[in-house]
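Chains as they are written, first to last, in the working numbering: chain A, 1 to 177; chain B, 178 to 354.
Below: one structure, written as structure tokens.
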């Protein structure tokens, strides 16, 4: 079965700083009509970074959409003209002061393809910690370092977590333990 | 450091079928002002389901935001009055005809806490396949069954994947292989 939905008309309802919102009229595979709400988002990177002591580098950040502080792995937008790998190195250094000496691309994935085109390039990094942090003006971040074992335990025991951190924990356990 | 951002005013820019969009004016921890774009989304479930032959149940679906067909694990909204576990059982049966005889809650996570409050309850299910599928009116789904090994290989080799499927593959390898 051809699953494609054909757009017959579309409108941009909102153009923002981080996201745009579009509404599409589509024709379904059976010929019926439907509406699709689409959030456009820049491509991003997320990095599982491990230092010389086998500690995982984590960032604790307040996130307005969930009105709470959450533990994540370092992540951020890919800037204009930047490769995903350069973005991963830059975000790591800016957010945490971590210098990557090895940066391995793992995979890329859509975070929520039902309503958003946000695509994340996922990397695994090795390197060392420095004090050269330089977060964005509106970013307030606490850096945490946990052994891989403690990180995985935290993900398992914590009530609610971040998708990138959970993915990183399972990836680390699957591939390195 | 207290990382909380206090909302001073907010407006709902769009109220839709799947998502709402809000714009908040916030005060940052250093007293400066910023704007936050927030996508509100219903809570969801996602299920890694394994049948008697140790095959993983997957769904292939066209997703308008990425304009393409993508392989995912079964997932869907938690309906009003439903527990996450019941939603997981219902979505599995509706989308794939799979009857869960065991349903284990693993964890819950935010898919993209930087701009969205979408929360996914992640389950691991065992059970058996039936032909009792009944997808939603606007859902067109191909069901696929892959051995865990082939599923993990596919995730590793595929160019771009779905976050839930990737998480499920690493989880399965970390915990069962």
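Ideal placement from N, C-alpha and C gives every residue a C-beta, glycine not left out.
- Residue 101 of chain A and residue 126 of chain A do touch by the CB rule: their CB atoms are close to 6 Å apart, below 8 Å.
- Not a single C-beta of chain A is nearer than 9 Å to the C-beta of residue 310 of chain B.
- Between residue 201 of chain B and residue 213 of chain B, the CB-CB gap stays under 9 Å.
- Residue 225 of chain B places its beta carbon less than 9 Å from that of residue 348 of chain B.
- Excluding sequence positions up to five before and after residue 14 of chain A, its CB lies within less than 8 Å of the CB of 20 and 21, all in the same chain and listed in chain order.
- When 8 Å is used as the limit between beta carbons, residue 167 of chain A is near these residues of chain B: 340, 343, 344 and 347, in chain order.
- Residue environment: residue 72 of chain A is assigned as buried (16 or more neighbouring CB atoms within 10 Å of its CB, all protein chains considered).
- Note that the C-beta distance between residue 32 of chain A and residue 237 of chain B is not below 9 Å.
- In the structure shown, the three-state DSSP call for residue 317 of chain B is coil.
- By the Cβ rule, the stretch 160-168 of chain A does not count as touching the stretch 78-93 of chain A, because fewer than three pairs are nearer than 8 Å.
- Straight-line measurement puts the Cα of residue 174 of chain A at about 29 Å from the Cα of residue 245 of chain B.
- The Cβ of residue 230 of chain B sits no closer than 9 Å to any Cβ of chain A.
- Taking CB atoms only, residue 116 of chain A has a neighbour in chain B less than 9 Å away.
- For the stretch 104-148 of chain A, the continuous beta strand (DSSP E) assignments of 3+ residues that do not extend past its boundaries occur at 119-129 and 141-147, in sequence order.
- Per the C-alpha coordinates, the member of B:185, B:221, B:195 and B:194 positioned closest to residue 205 of chain B is B:185.
- The Cβ of residue 242 of chain B sits closer than 9 Å to at least one Cβ of chain A.
- With 16 or more other Cβ atoms inside 10 Å of its own Cβ, residue 240 of chain B counts as buried.
- Here residue 111 of chain A is buried, its C-beta having at least 16 other C-beta atoms within 10 Å.
- When C-beta distances to chain B are compared with 7 Å, every residue of the stretch 77-106 of chain A stays at or above that value.
- Residue 43 of chain A sits close to residue 84 of chain A, with the two beta carbons spaced by under 9 Å.
- Using a CB distance cut-off of 9 Å, residue 208 of chain B does not count as an interface residue toward chain A.
- Straight-line measurement puts the Cα of residue 179 of chain B at about 51 Å from the Cα of residue 2 of chain A.
- Between residue 145 of chain A and residue 56 of chain A, the gap from beta carbon to beta carbon is short of 9 Å.
- One thing to note: residue 117 of chain A has its Cβ within 9 Å of the Cβ of residue 243 of chain B.
- With 16 or more neighbouring CB atoms inside 10 Å of its own CB, residue 162 of chain A falls in the buried class.
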